[in-house]
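If you're matching positions, the sequence shown starts at 1 in UniProt numbering and goes up one per residue.
Here a beta-carbon is modelled for each residue, glycine too, at the ideal position from N, C-alpha and C.
In this text, all values refer to a predicted model and were calculated from it rather than measured experimentally.
The structure appears right after this line, and notes come after that.
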Amino acid sequence: MRRRNDGPSATKPSGIRTTNCSRDLSREWQSNAMFVGTMPAKAAIVCLTQNTPTRVSFLRGSLTRLFEAFNARAGYPVLILHEGDFAAHEQDDLRRTLGGDRGDALQFIELEPDDFLAPDWVSEGVVRAHQRVVPDAPGVQYRTMTRWWLRDLPKYLSEYDVYMRLDDDAYLDEAIGDPIASVLESGVDYASNCVHIEHPMNALGLADLCRRLIGESARLSGLFVTGEHGPENCALRSFVAGLPSHLKSLVSTDRLEAPIMYYNNFHVARRCVWESKPLRDFYSGIDESGGQYLLRWGDAPIQTIGVVALGFAIGRLEFRYSKRHERADGAFVNCNHELASPFMDASVDVNAPKAGSLTEFDAFNRMLQRRGIADIGRRIGKHDAKGRTDG
1 MRRRNDGPSA
11 TKPSGIRTTN
21 CSRDLSREWQ
31 SNAMFVGTMP
41 AKAAIVCLTQ
51 NTPTRVSFLR
61 GSLTRLFEAF
71 NARAGYPVLI
81 LHEGDFAAHE
91 QDDLRRTLGG
101 DRGDALQFIE
111 LEPDDFLAPD
121 WVSEGVVRAH
131 QRVVPDAPGV
141 QYRTMTRWWL
151 RDLPKYLSEY
161 DVYMRLDDDA
171 YLDEAIGDPI
181 ASVLESGVDY
191 ASNCVHIEHP
201 MNALGLADLC
211 RRLIGESARL
221 SGLFVTGEHG
231 PENCALRSFV
241 AGLPSHLKSL
251 VSTDRLEAPI
261 MYYNNFHVAR
271 RCVWESKPLR
281 DFYSGIDESG
291 GQYLLRWGDA
301 PIQTIGVVAL
311 GFAIGRLEFR
321 YSKRHERADG
331 AFVNCNHELA
341 SPFMDASVDV
351 NAPKAGSLTE
361 FDAFNRMLQR
371 RGIADIGRRI
381 GKHDAKGRTD
391 G
């Protein structure tokens, strides 16, 4: 396994201040051209993938749906980020599969050699300790990938003002309006589609570290739902006892906190969000803790916590969208109704409505409003099946 020479460390509060890109930049929309201030905005769609038969099959399907949904009209470049495993002829094959202007929109970008190096202190044994508590938890490579999205993606966006992330196994399931245009028109900094609650065993200690890094606030506390462990938690206690002291101090063996999050495998964001010092400081504190490796903190809850708790303007784009999970049955999961959670406490009175109903979003948004984070669910760019929007 390739490695980097950095490791986990205790992290002190950094005095992070809140910020908001929309308050810092003026924006306008004229003649179907995007503007940031007085200059046309540059936008791209980004996809991280690998050249394996399974991933390429997913990628073809995702790209086909992407162009059918809106990009055949919008014509944004699609940046295919990879680790150097796509030869020139394989890139051409994928372009030919899409054909014409769609194929021409693909730009293959090889990642820097050390992007996916795991830290020296990381080993399969380190991760295996967590997997004994959460048996289906992913391994080192996946945890390195989630770290990459937070730490390394911004350096590939230097030419762009705004971008849309779409994973190779994420599918846009209907014709929609331009989500990038919707973000720019609305003045928000970050928008996604599906709100969910992370599994609490994948967020051990995350809430306490965020409090240390950001400070207590209604916006931060409103992002977590809480509950008690069951009586049989000996395995968890044993696991926590073996953690480094700076992480051990964050993890309660009696009380779990699970973050509300966007599924960020689809989202649209302004580059200035990730370049802001408060967010970079927050991510650095997360990275230095080692929690993404030792405790499997994912990029989705961390990203959601960062943009919400630090005060960026958040929106939600509504359309049919699904994520292909790598399971034997190849099943798709409709991300638009993943709100129910066995971990949600009694005070979270969201009755799971019929899948696909708009009342589900409204119920969840009301819950967020009660928790002091009303703007996480602000609707922008309401889309219909013909690809129009009502702004």
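Check	Outcome
Output yes or no for whether 7 angstroms exceeds the beta carbon distance between PHE312 and PRO259.	no
Between TYR160 and ALA44, is the Cβ-Cβ spacing less than 7 angstroms?	yes
So, are the CB atoms of TYR321 and ASP173 less than 7 angstroms apart?	yes
Under the three-state reduction of DSSP, which class applies to THR226: helix, strand or coil?	strand
On the criterion of 16 or more Cβ atoms from any shown chain inside 10 Å, does TYR142 qualify as buried, or is it exposed?	exposed
Give me the DSSP bridge partner(s) of CYS234.	Its beta-bridge partners do not exist; DSSP assigns none.
Entirely within the region 163 to 249 and at least 4 residues each: give me those alpha helix (DSSP H) ranges in chain order.	179 to 186, 206 to 214, 218 to 221, 234 to 241, 245 to 248
My assumption, with CB atoms under 8 angstroms, is that ASP168 sits in contact with CYS47. Please give the rounded CB distance.	6 angstroms
Starting from PHE108, follow the beta strand (DSSP E) in both directions and report where the run begins and ends.	106 to 110
LYS42 by DSSP, collapsed to three states: which one?	coil
Count the other CB atoms, across all protein chains shown, that sit within 10 Å of the CB of ARG270; report buried if there are 16 or more and exposed otherwise.	buried
Answer with buried or exposed for THR144, where buried requires no fewer than 16 other C-beta atoms within 10 angstroms of its C-beta.	buried
Output the boundary residues of the alpha helix (DSSP H) element that contains VAL134.	VAL134 -> no alpha helix (DSSP H), and no H or E assigned at all.
Look at the alpha carbon of LEU157 and the alpha carbon of TYR76, and state the distance between them as a whole number of angstroms.	14 angstroms
Taking all protein chains shown into account, do 16 or more other C-beta atoms lie within 10 angstroms of the C-beta of GLY290, making it buried, or fewer, making it exposed?	buried
Can you tell me whether DSSP reads PHE86 as helix, strand or coil?	coil
Comparing C-alpha positions only, which one of GLY315, ALA41, ASP178, HIS246 sits nearest to ASP208?	HIS246
DSSP beta-bridge partners for MET261?	HIS196
Are the Cβ atoms of HIS82 and THR49 separated by less than 7 angstroms?	yes
To the nearest angstrom, how far is it from the Cα of THR226 to the Cα of ARG96?	50 angstroms
Reducing DSSP to helix, strand and coil, say where ILE380 ends up.	coil
Going by DSSP in three states, ALA385 sits in which element: helix, strand or coil?	Since pLDDT at ALA385 reaches only 40, below the 50 mark, its modelled position is unreliable, and the value read off the structure follows with that caveat. Here ALA385 sits in coil by DSSP.
Out of ILE314, GLN292, GLU275, ILE305, which has the shortest C-alpha to C-alpha gap to LEU153?	GLU275
If LEU66 sits next to LEU166, beta carbons under 8 angstroms apart, how far is it from one beta carbon to the other, in whole angstroms?	6 angstroms
Where ASN71 and LEU317 are concerned, what is the direct C-alpha to C-alpha distance, given to the nearest angstrom?	16 angstroms
Measure how close the beta-carbons of ASP178 and ALA105 come, nearest whole angstrom, since I'm counting them as under 8 angstroms.	ASP178 to ALA105, Cβ: 14 angstroms. No contact.
Pick helix, strand or coil for LEU295, following the three-state DSSP scheme.	coil
Using alpha carbons as the reference points, say which of PRO135, ALA88, LEU184 lies closest to ALA41.	LEU184
Would you identify the three-state DSSP class for PHE266, choosing helix, strand or coil?	strand
Please return the same chain residues whose Cβ sits closer than 6 angstroms to the Cβ of ALA309, not counting the five positions on each side in sequence.	ILE214, ARG219, LEU220
What is the DSSP secondary structure of LEU156, reduced to helix, strand or coil?	Checking the displayed sequence, the identity of residue 156 turns out to be Tyr instead of Leu. TYR156 falls in the helix class under three-state DSSP.
So is ALA203 buried or exposed if we call it buried at 16+ other beta carbons inside 10 Å?	buried
Can you name, in chain order, every residue of its own chain whose Cβ lies under 6 angstroms from the Cβ of PHE361, other than the five neighbours on each side?	Bear in mind that the predicted position of PHE361 carries a pLDDT of just 45, short of 50, making it unreliable; the figure below should be weighed with that in mind. Excluding residues within five positions, none has a Cβ falling inside 6 angstroms.
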